[in-house]
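Heads up, the thing below is written out as structure tokens.
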Amino acid sequence: MCEYIFEYLNSFTMEDYPNMEWSTCFLTKAVKQIKPLKVYNNFKEKRLQLIKDQKDKTGVYCLVNLINGNTYVGSSVNLAVRMRNYLNTSFLKNKKNINMPIVKALLKYGQDNFAVLIVEYVDVKNLTLRETHYITKFLPYYNVLKQGYSSIGYKHTEATKQMLSELAKNRIHSDKTKALISRALVGENNPFYNKNHSVESKLRMIEANSAYPVYI
53 MCEYIFEYLN SFTMEDYPNM EWSTCFLTKA VKQIKPLKVY NNFKEKRLQL
103 IKDQKDKTGV YCLVNLINGN TYVGSSVNLA VRMRNYLNTS FLKNKKNINM
153 PIVKALLKYG QDNFAVLIVE YVDVKNLTLR ETHYITKFLP YYNVLKQGYS
203 SIGYKHTEAT KQMLSELAKN RIHSDKTKAL ISRALVGENN PFYNKNHSVE
253 SKLRMIEANS AYPVYI
């Protein structure tokens, strides 16, 4: 029944099937699309196991809202630390974080109405590229930035702006459009092009209490 409804989603609403276990449907759909390495079907209930499993792990993750099916793709150099932050109400309500769509959703629906998917473990040097890959592939609803890095202090080129504008307006893209978006974010258009950071600088940027995550 889940598969049938999702195939013809425009013809159905949740009210049409009030007894349907929608959380199972949304999670099943996300797992089928993303094919994650690990699935935690209840963020709050599985938090201890999740944090234990992901200690010192670097990778890409996905949060799935089990109420409405909306998703968020992110990455972290320490997945366990990132998950602890999402479980910390004080962290979520901090003025630097509270305006992020995923934070608003966690506060509104509660962590027990989210599932966590561990999408991929990645070497830190490829983390941004892999996060961007999944964001452009699945176009998650809660992602404001459609690429895997912070835009703070960075001015996009006109070509990049055009590509990102198209990405923001449309939820489905052709392979040609995706290729153009990808090309707009590499080489000189990348904010870290021709720049090098010391190990100390990298650690400071990772640990900095920023309004947005900073990825090296």
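Per the numbering used here, the sequence shown starts with residue 53, numbered consecutively.
The beta carbon of each residue, even a glycine, is placed where N, CA and C say it ideally should be.
Please read these numbers as outputs of a predicted model, since none were measured by experiment.
Looking at residue j and residue i, is the spacing between their C-beta atoms short of 8 angstroms?
{"i": "Cys114", "j": "Leu169", "result": "yes"}
{"i": "Ile119", "j": "Asn178", "result": "no"}
{"i": "Asn274", "j": "Ala157", "result": "Residue coverage of the chain in this structure runs from 53 to 268, which leaves residue 274 outside it and unanswerable."}
{"i": "Phe78", "j": "Val116", "result": "yes"}
{"i": "Pro88", "j": "Val171", "result": "yes"}
{"i": "Ala129", "j": "Thr141", "result": "Sequence inspection shows Val at residue 129; the Ala mentioned does not correspond to that position. Going by C-beta atoms, Val129 is not nearer than 8 angstroms to Thr141."}
{"i": "Leu139", "j": "Arg99", "result": "yes"}
Taking 7 angstroms as the limit between beta carbons, can you name the residues of its chain near residue i, skipping five residues before and five after?
{"i": "Ile103", "result": "Ala132, Met135 and Arg136"}
{"i": "Leu161", "result": "Note on residue identity: the sequence assigns Tyr, not Leu, to residue 161. Excluding positions up to five away in sequence, the list reads Asn117 and Ile119."}
{"i": "Pro153", "result": "Tyr194 and Val196"}
What residues in its chain sit with their C-beta under 6 angstroms from that of residue i, if we drop five residues either side in the sequence?
{"i": "Thr76", "result": "none"}
{"i": "Phe95", "result": "Gln163, Phe166 and Val168"}
{"i": "Pro192", "result": "Thr123, Tyr124 and Val125"}
{"i": "Lys90", "result": "Ile170"}
{"i": "Tyr155", "result": "Here the sequence assigns Val to residue 155, which means Tyr is not the residue at that position. For Val155, where only same-chain residues beyond five positions count, the Cβ hits under 6 angstroms are Leu144 and Asn149."}
With a 10 Å radius around its C-beta and 16 neighbouring C-beta atoms as the bar for buried, classify residue i as buried or exposed.
{"i": "Val196", "result": "exposed"}
{"i": "Thr184", "result": "buried"}
{"i": "Ile187", "result": "buried"}
{"i": "Ile150", "result": "exposed"}
{"i": "Leu85", "result": "Correcting the residue identity first, residue 85 is Gln in this sequence and not Leu. Gln85 comes out exposed."}
{"i": "Gln106", "result": "buried"}
Opposite residue i in the DSSP bridges: which residues?
{"i": "Ser142", "result": "For Ser142, which the question treats as bridged, DSSP gives no partner whatsoever."}
{"i": "Lys90", "result": "Ile170"}
{"i": "Asn117", "result": "Phe166"}
{"i": "Val133", "result": "Answer is none; Val133 lacks a bridge partner."}
{"i": "Ser127", "result": "Val112"}
At least one CB of chain D closer than 8 angstroms to the CB of residue i: is that the case?
{"i": "Thr76", "result": "Among the chains in the structure shown there is no chain D, since it carries only a single protein chain."}
If you drop the 5 nearest sequence neighbours on each side, which residues of the same chain put their C-beta closer than 8 angstroms to that of residue i?
{"i": "Lys147", "result": "none"}
{"i": "Gln101", "result": "Tyr92"}
{"i": "Glu97", "result": "Asp164"}
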